[in-house]
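J.: Going by our numbering, the first residue of the sequence shown is number 114, and it counts up by one from there.
Built from N, CA and C at the ideal position, the CB exists for glycine as well.
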Amino acid sequence: METVHLLRHGEVFNPDNVLYGRLPGFRLSDLGVAQAKLAAEFFATKEIGYLVASPLQRAQETAAPIAAVTGLTIATDEDLVEAANFLEGRNVAGGKGLLRDPANWKYLRNPFKPSWGEPYVEVATRVLRAAGAARAKVAGTGKDAVCVSHQLPIVSARRQAEGLRLFHDPRKRQCSLASVTSLTFDGDVVVRVDYAEPAASLPAGHGAGA
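In structure tokens form, the structure reads like this:
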């Protein structure tokens, strides 16, 4: 069996509270850098054979300390990218102000899909595909793989793997900044899910728009 760790990136520098989604130029904050370093320390205690990240800057920066402690090169997989969102770029992170603007109402008609962006099922499918590809890279080596991604993609993949409905209450997500959701595979099947927060000793940070 192989384990693939889905690492959420650290806190992003976002003083304007923008829902940044896939927008370029959003880097880690000082707290995010510290969170990434603690995540790297967590993985330094494990045998890691493959490291891959979303192409977005915040994920690549979170992967960098892991590359430093493991000596691995950071691969990039588009399947790990943040979920597409039609509201990105707006000052609506956290949901504040969404309902006050009639221009947003058309995006809120079906929260089960959701209608404001990439369907949950598509997000879950591609992230599990990336996790499966990472598993294949370490198959038979006795080592684990690390995939650096984003909150909603990780949550969607976990819920799909656990057989839960993909529509959920975002306030109840177990996926804090720089947290690790570990999927253990037996062949192509996820047989166990574990969760850890290597950066729990640091402030929780502000994760909206992550």
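Should L221 be labelled buried (16 or more other beta-carbon atoms within 10 Å of its own) or exposed?
T.: L221 is exposed by the Cβ-count criterion.
J.: Do the stretch 238 to 246 and the stretch 270 to 290 make contact, defined as three or more Cβ pairs closer than 8 Å?
T.: Touching, yes.
J.: Look at the Cβ atom of L185, then the Cβ atom of L164, and state whether they are nearer than 7 Å.
T.: Contact flag set, yes.
J.: Please report how far the alpha carbon of P224 lies from the alpha carbon of P168, in whole angstroms.
T.: Those two C-alpha atoms are separated by around 27 Å.
J.: Of the residues D214, L200 and A291, which one's Cα is nearest the Cα of D229?
T.: The sequence given here places Trp at residue 229; Asp does not occur at that position. Checking every option, the nearest Cα to that of W229 belongs to L200.
J.: V261 by DSSP, collapsed to three states: which one?
T.: Three-state DSSP puts V261 in a strand.
J.: Taking Cβ to Cβ, would you say L290 is nearer than 7 Å to A147?
T.: Against a cut-off of 7 Å, the Cβ pair of A147 and L290 comes out as no contact.
J.: Please state whether DSSP places D129 in a helix, a strand or coil.
T.: If DSSP states are grouped into helix, strand and coil, D129 belongs with coil.
J.: Can you tell me where the beta strand (DSSP E) with F298 in it begins and where it stops?
T.: Element bounds for F298: V293 to D299.
J.: Should T183 be labelled buried (16 or more other beta-carbon atoms within 10 Å of its own) or exposed?
T.: Per the 10 Å Cβ criterion, buried.
J.: Does the stretch 276 to 292 come close enough to the stretch 126 to 135 that 3 or more CB-CB pairs lie under 8 Å?
T.: Counting Cβ pairs under 8 Å, fewer than three are found: no touch.
J.: Given a cut-off of 7 Å, decide if T175 and V261 are closer than it, judged by their beta-carbon atoms.
T.: Yes. Within cutoff.
J.: With DSSP run on the structure shown, which of helix, strand or coil describes I179?
T.: In this structure, I179 counts as helix in the three-state DSSP scheme.
J.: In whole angstroms, what separates the C-alpha of G253 from that of R278?
T.: Near 32 Å, if we compare the C-alpha coordinates of R278 and G253.
J.: Please check the pair T294 and V306, which I expect to be a contact at CB under 8 Å, by giving their CB distance rounded to whole angstroms.
T.: Their Cβ separation, rounded to whole angstroms, is 7 Å, which keeps T294 and V306 in contact under 8 Å.
J.: Tell me whether E275 is buried or exposed, calling it buried when 16 or more other Cβ atoms sit within 10 Å of its Cβ.
T.: So E275 ends up on the exposed side.
J.: By how many angstroms is the C-alpha of Q170 removed from the C-alpha of P137?
T.: So the alpha carbons of these two residues sit roughly 7 Å apart.
J.: Among all the DSSP beta bridges, which residues are the ones paired with V306?
T.: Its beta-bridge partners are L296.
J.: What does the Cβ neighbour count give for T158, buried or exposed, with the cut at 16 atoms within 10 Å?
T.: Per the 10 Å Cβ criterion, exposed.
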